[in-house]
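Let me begin by presenting the structure, written as structure tokens, before commenting on it.
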Amino acid sequence: MSDSGSFLRPPSFHCQRQWLLLSTATLLWVLSAAAEALEVNVTNDGPAILDSTITFRAQLIGAEYPTLYYVFQHNVPSGGGPVTITNGTEATLPMAFLAYRHQPGEYLMTVTVLKQYLFSKHKIAEGSCKFLLTRDIVGRIVVSQDGHTLPDDQTIVSTNRTTNFTFELHDPSGYFTNSSDSLSWKLDYGLSHYAPYYTINFTDTNVHTVNLIVVALVTRPNSTSPQVKLGSFTRNIAPKDPITGVNVQGNIWLRRGDVVSLQVSCNGSAPYNYCWKYLPGNATSNSTANLTCDEPISTNQCQFPLVHYFPQDGSHFIAILVSNIVQAKPYIKNIEVHIYDVPRSGLLSTIILPIVCSLLAFVILVTGIAYHIHTRNRLQVEVADFDFQRPDLELTEKTFWEHLLGAWRDTFPNWSKQSHRDVDSAGEGDSLTAPDNDRRRGDDEEKKSPETSPPRGPGNGTDAALPSVPVEKSVSQQQQLSTILVPIICSVFALVIVALGIAYHMHTRNQLRIEVADFDFNEPPMEDLVEKTFVDRLRSALLQALVGSAEDVTETESNVSPTASNIRHPVAASREELHLVRRSYGTIA
């Protein structure tokens, strides 16, 4: 029976042992899982000067427990062993590192969080942080303008504002509460200024260096002699010029259909950010005071074009916003653009009629010149019969204007009878220019000697009578009219047409200016409001060319006039030939 009893007890005992092992494994798994879900945040208020107090803080994140064990352990040589603090989810440890015992440098503080389960403590979280120990005073130079403090990594300030430099001491433990401090400021390592702060107005854009030396005398409660602490600080400053003016060049009075093209420039230091906004014409400066650029354009040169098209006439407002790195608020330049509509004059009065008159005058002028050159170069055949029984005629030299007047009188005999008689009496005997005188002289001779005397021959001592044939003109009236009057009349007519075209063009252009002046514009002159299209420019060029051609033709005619010494008039040439023939005939006889 004893064997059977001992055989029945072992199964129950084995079950209890298995249940205990399973529970322990489950608890360990839960603790390990909880430890993985928790973390501890370790911080400090360093950097700290030696002999002062530095405080470490550990905070458990992820769970809340009433009692935890925080173990602080650092790696400072000769700094002592770990320190354990019992608290809830946060623990704080102040520590002092002495200057005569510890060396300055960067060290590591590790915090381990433990939780007690039953009769043992288990680690649920661990964290660490670095801290810095130094022999010099810890602090920084604070730069501010108009109450705005610059970040430590920023060196740019404005030149038109006062720059303030102050010293900010880092002393979270109150080590320098009862100390005596002395501050020495230097700009670009120049003269020293002893003051709690330093103020300056920069006028250039060069990079400057501000140096500060701090001397502090610290008295400790347990010490009779004060401790001397030193600190040296440096801050680089790069002043920049703000934008104080924006210049806009371009025409702001435009005809309807023209494109606004402005060139914008500004002063100040680069880089620049700019944009522009279009507002109604009734906008004011107050309505643009709070505008900002949604998507500014960056550039290193403050010169950029502004091009825009306004489809409607009237006044339009353009706000140009320009800023740089030293301006929190952009500089705003307001431009008012005026789009006006000028009524167009008729096509006939301003374009067609001046062009037609110019072309007609040009054609007439060219035709007259060509006809004059053609008739002057044409070979002229002269036929003349001479009466050698008459005495030699007196050949009178005539100028160009006298020949012109004679041709005019021959063409229009009834124009001036009195002038005609004067010319006949002055030029009596001239068979080429006064045919009526020859006729009257022949009638008088017939009345005086009604009986014709027989001609004397060689036998009776008398000369043989030659047949008397009326003398013909060397140059016909039609030829004189074609070579002299026609070119002159054509030239005068062309000049008259050109003058009328120019006068009409000026008259219509002045009327266009008067129409433009009806608009209420204040700034631009009225000359800038006249439209200059391609047709207008072509018309002006044609008028200038025609006027120049007319002057050249007039000068050419004056140079080649018959009064020149190198040209012989046909009438004068005929008279010389008649005189030579008479002399030759007399010699033969």
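Mapping of the sequence shown onto mature numbering (1 follows the signal peptide of the UniProt record, and there is no 0): residues -37 to -1, 1 to 552, in sequence order. Even glycine gets a Cβ: it sits at the ideal position worked out from N, Cα and C. Treat the numbers as computed from the prediction; the structure is a model and nothing was measured.
| Check | Outcome |
| --- | --- |
| Close beta carbons around L180, own chain, < 7 Å, minus the five adjacent residues each side | S142, S143, P189 and V191 |
| Cβ pair count under 8 Å reaching 3, the region 28 to 43 against the region 70 to 78 | yes |
| Distance between beta carbons of K203 and S121, contact taken as under 8 Å | 6 Å |
| The region 272 to 286 in contact with the region 215 to 224 per 3-pair CB rule at 8 Å | yes |
| Own chain partners of A246 with C-beta closer than 6 Å, once the 5 adjacent residues on each side are dropped | F280 |
| Pair within 8 Å by beta-carbon distance, Y157 and L146 | yes |
| Short Cβ contact (8 Å threshold) for V223 with V209 | no |
| Of the listed residues E2, L13, D115 and I465, nearest to I200 (C-alpha basis) | D115 |
| For P135, the nearest candidate out of N7, L81 and V177 (CA to CA) | N7 |
| Alpha helix (DSSP H) runs contained entirely in the region 62 to 137, provided each spans 4 or more residues | none |
| Assigned secondary structure, F363 (DSSP; H/G/I helix, E/B strand, else coil) | helix |
| L368, DSSP secondary structure in three states | helix |
| Range covered by the beta strand (DSSP E) that runs through G277 | G277 to N287 |
| Buried versus exposed call for H301 [16 or more other C-beta atoms within 10 Å across all chains shown] | buried |
| Cβ-based burial, S382 [other Cβ within 10 Å; buried from 16] | No answer about S382 holds up, because its pLDDT of 49 lies below 50 and its placement is not dependable. |
| Selection from P10, G25, I17 and D14 that minimises the alpha carbon distance to V3 | G25 |
| N169 and A233 closer than 8 Å at C-beta | no |
| Three-state secondary structure (DSSP) of N185 | coil |
| Of the residues T16, G44 and A88, the one placed nearest Y28, counting alpha carbons only | A88 |
| Chain-order list of residues whose beta-carbon lies under 8 Å from that of T18 (same chain, five-residue window excluded) | N7, D8, T55, L56, P57, M58, P135 and S136 |
| Where the beta strand (DSSP E) through C320 begins and ends | Premise fails: C320 lies in the alpha helix (DSSP H), L316 to N340, not in any beta strand (DSSP E). |
| L154 beta carbon less than 8 Å from that of P67 | no |
| Check whether G331 and A457 have beta carbons under 8 Å apart | yes |
| Under 8 Å between C-beta atoms of W239 and L269 | yes |
| Beta-carbon proximity list for P159, same chain, < 8 Å, skipping 5 on both sides | T129, F130 and L146 |
| Best match in G51, R183, T172 and N253 for proximity to I119 [C-alpha to C-alpha] | T172 |
| Straight-line gap, F82 to T47 (C-alpha atoms, nearest Å) | 18 Å |
| For R219, three-class secondary structure by DSSP | coil |
| Nearest-angstrom Cα separation, counted from Y138 out to H65 | 18 Å |
| Cβ-based neighbour list, T126, same chain, cut-off 6 Å, excluding 5 preceding and 5 following | Q108, V120 and I163 |
| Sequence-distant residues of its chain with Cβ nearer than 6 Å to L95 (five each side left out) | G9, P10 and E69 |
| Exposed unless 16 or more other CB atoms sit within 10 angstroms - verdict on D243 | It should be noted that the sequence gives Pro, not Asp, for residue 243. P243 is exposed by the Cβ-count criterion. |
| L506 in three-state terms, based on DSSP | helix |
| CB contact check: V120 to chain C, cutoff 8 Å | Here there is only one protein chain, and chain C is not present. |
| Cβ distance (whole Å) where V211 is taken to contact I298 below 8 Å | 6 Å |
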